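Novice: In case it helps, this note's numbering puts the first sequence at residues 14 to 494.
A virtual CB, placed ideally from N, CA and C, is assigned to each residue, including glycine.
Quick caveat: nothing in here was measured; it's all calculated off a predicted structure.
This is the structure I want to talk about, given as structure tokens.
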Amino acid sequence: MSEKQEGITAKKNDDFSEWYTQVVVKGELADYGPVQGTIAYRPTAYAIWESIQKQFNDMIIGSGHRNVYFPLLIPESLLTREKEHIEGFAPEVFWVTHGGDNKLSERLAVRPTSETVIYSFYSKWVRSWRDLPLLLNQWCNVLRAEIKSTKPFIRGSEFLWQEGHTVHATVNEADEEVMRILEYYKILVEDYLAVPVLIGKKSEREKFAGAFYTTTLEAMMPDGKALQAGTSHNLGQNFSKPFGIQFLDQNNKSQYAWTTSWGVSTRLIGALVMIHGDDRGLVIPPKVAPIKAVIVPIYKGNEGEPVVKKANEIKSALGKHGIAALIDARDDRTPGWKFSEHEMKGIPVRIEIGPKDMKEKKVVIFRRDTAEKKSIEESSVAKATAELLDDIQKNLLVRAREALKKQTIEAKDYADFKKTLEERGGFLKCGWCGSDKCEGSIKEETGATIRVIPFEQDKKIPDCIYCGKQGKEIVYFARAY
RNA sequence: GGGGACGUACGCUAACCUGGUAGACUACCAGCUUUGGGAGCUGGUCGUCCGAGUUCAAAUCUCGGCGUCCCCA
């Protein structure tokens, strides 16, 4: 492959960070904005996001949730009402202080998350046990001032997400909701994005600011750093009390409600780029790819017409199977150029049709994940493409699972823990005594934090990796994005 | 949170040290020729991150801001 500058020049294994930036920018997913940490989501990235929205909406609407929209601006007095919550978010809140030239009497926060503003409504809307559960979700943007190390999709000052906010009569119902959503997230992330995750709880130190407890999905990136792919929180009565979300139960007794919140963001796009991309560029999992196949007609001089006509026939054959395809019949680009470009942009399947194929009634079909090409009967192209798309989707998840397995390492002792973390990163599986002190010391000494306390615990719990006392739980430590 | 490197056209880069007409490649536009792994010829368009200072003169020197990347925590 030539080293032309418009291609991806960084290697994924040599310079991961530079490689990621090139794939995102040159693959035309995003472009940097004029304000730090902001990006434009270009058509391919936005289409992937819409695909995520569709899948997740189908799941939550099916289970009785409804979509809504709440205000962007939150008065300071409201944002600061729950103490732990504001302490967690204070450093990254953007404040609106002026309307035109006039200084506002109260500062307004641009939402970093919407619990507080939403609960100001919920306190009015929830009156009776008959109003519960209240199951609402919104798709919106949020802003968090990120001063250092921003990365497109992974960490930015503005991102898109969904935030679900539900109210329940009992803690059990809230628990069930938290787990239901976590399960939906797992399906979304693994079955659609082909990104395997570990699921479990966060430690007290790492939980959402103000939460009773937080559950999480954690993915592992090829450079050995963990990425939080989504979270689902049980907020207990921590918010219902300061915000006055109360209802009268069947016994005419006033009760504080139990609330949950949960979200996934456009960060998921970053995860799929990091996990599936290669030295040629993006690899988009077929289920979320806006264009599943690109057809490249190849011809000499004035022989193009029958080839382009054939390409159109193939496109409509694919269309009948529900496969969105694009014909690239530009005559100012050579086939090789087109191949490189579509590979860089991650289109899962390419179909090449030229004079040789026309004679034999065949086409060449190429799969992006393994870069394999083969010649097939033209009459079977739709079926073959559908099968190939399925196979690519499966293969991406299998490959990613293997990588996750290799990057999940049992630490023998603390020296081994530090050595492994330093050399290759990954999830370090070990015992933990449950003390915040050990967790904090490890973070200070190594930069690693408890990413997840898995729900599925082994029978035998090893001693704490740090203090050597009786282990309470098995946990996974990692450095994280 | 700490440290380092760097900002010149879409991109990559030269001129910077030693102040004096910003140049190459690529991309882009037009035309012609081309098409099975980043095609050729001819012509053309586009640039010194922002602000202040020093100077007759600033891409170049000084200060500040903004931005990007890397390493460590």
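What are the boundary residues of the alpha helix (DSSP H) that F225 is part of?
Specialist: Per DSSP, F225 belongs to no alpha helix (DSSP H) and is neither H nor E.
Novice: Taking L410 as the reference, give the member of A23, V208 and L230 with the closest Cα.
Specialist: Cα-wise, what sits closest to L410 is V208.
Novice: For K116, which three-state DSSP category applies?
Specialist: DSSP places K116 in strand when its eight states are reduced to three.
Novice: Please work out which residues of its chain come closer than 6 Å, Cβ to Cβ, to F221, disregarding the five sequence neighbours upstream and downstream, and give them in chain order.
Specialist: Within the same chain, F221 has close Cβ partners T227 and H246.
Novice: Take V81 and list the residues in its own chain whose beta-carbon comes closer than 6 Å to its own, dropping the five residues that flank it on each side.
Specialist: Contacts found: L149 and Q151.
Novice: Whose CA, out of T129, L145 and I87, lies closest to the CA of R120?
Specialist: It is I87 whose Cα lies nearest to the Cα of R120.
Novice: Could you tell me the alpha carbon to alpha carbon distance between N315 and V362, rounded to whole angstroms?
Specialist: Approximately 27 Å, taken between the alpha carbons.
Novice: For W138, count neighbouring C-beta atoms within 10 Å of its own C-beta (all shown protein chains included) and say buried if the count is 16 or more, exposed if not.
Specialist: Classification of W138: exposed, given that the 10 Å Cβ count is below 16.
Novice: Could you please give the first and the last residue of the uninterrupted beta strand (DSSP E) stretch that includes D370?
Specialist: No beta strand (DSSP E) holds D370; the alpha helix (DSSP H) holding it covers P368 to E373.
Novice: Grab me the residues of K39's own chain with a C-beta within less than 8 Å of its C-beta, minus the 5 sequence neighbours each way, in chain order.
Specialist: Here the set comprises E19, G20, I21, G294 and M357.
Novice: Buried or exposed for M14, please, with buried defined as at least 16 other CB atoms from any protein chain shown within 10 angstroms of its CB.
Specialist: Any answer about M14 is weak, because its pLDDT of 27 lies below 50 and its placement is not dependable; what the coordinates show is given next. Under this definition M14 is an exposed residue.
Novice: Roughly how many whole angstroms lie between the Cα atoms of A302 and I340?
Specialist: When rounded, the distance between both Cα atoms is 16 Å.
Novice: Here's the rule I'm using: 16 or more other beta-carbon atoms within 10 Å means buried, otherwise exposed. How should Q175 be labelled?
Specialist: Burial call: buried.
Novice: Any idea which residues DSSP pairs Y269 with across the strands?
Specialist: Looking at the DSSP assignment, Y269 forms a beta bridge with Q259.
Novice: Quick one: which unbroken beta strand (DSSP E) runs of 3-plus residues sit fully inside the stretch 93–137? Chain order, please.
Specialist: If we require 3 residues or more, the beta strand (DSSP E) runs fully inside the stretch 93–137 come out as 107–112 and 115–123.
Novice: Taking DSSP's pairing of strands, which residues face V155 in a bridge?
Specialist: Answer is F172.
Novice: Does DSSP put V516 in a helix, in a strand, or in coil?
Specialist: Here the chain has residues from 14 to 494 only, and residue 516 is not among them.
Novice: When you compare only the Cα positions, how much space is there between W108 and L85?
Specialist: Cα-Cα distance, rounded: 12 Å.
Novice: Report the residue from V377, V202, D476 and D370 whose alpha carbon sits nearest the alpha carbon of P319.
Specialist: Nearest of V377, V202, D476 and D370 to P319, Cα basis: D370.
Novice: Go to S64, then tell me how far its alpha helix (DSSP H) extends in each direction, as first and last residue.
Specialist: P56 to G75 is the span of the alpha helix (DSSP H), which, as asked, contains S64.
Novice: First and last residue of the alpha helix (DSSP H) that includes R412?
Specialist: First-last of the alpha helix (DSSP H) with R412: V394 to K419.
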